[in-house]
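Structure first, then comments.
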């Protein structure tokens, strides 16, 4: 969980942005054993989108006026 880290960061005056990737839905009506290969494949498929999102946020923040 990232909640304790976020609480401490906000308490310290930091701005926080969090991302999660759901790699195994674990649906109650369709339970099946976790398959590591499937989990890795889902994470790998999400990586380019997350990379673009994070880079876009960093560029935005780098160009954002301060003050």
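Residue numbers (the numbering used here): 46 to 112. Just so it is clear, CB atoms sit at the ideal spot from N, CA and C, and this is done for glycine as well. For clarity, every value in this text was computed on a predicted model and none was experimentally measured.
Query: Report back the beta-carbon spacing between residue 64 and residue 95 to the nearest angstrom; my notes put them in contact at under 8 Å.; Result: 6 Å
Query: Alpha carbons only, please: which of 109, 59 and 78 is nearest the one belonging to residue 69?; Result: 78
Query: With a cut-off of 8 Å on the beta carbons, I'd call residue 67 and residue 61 a contact; round off their distance for me.; Result: Residue 67 to residue 61, Cβ: 20 Å. No contact.
Query: State the Cα-Cα distance for the pair residue 101 and residue 112, rounded to the nearest angstrom.; Result: 21 Å
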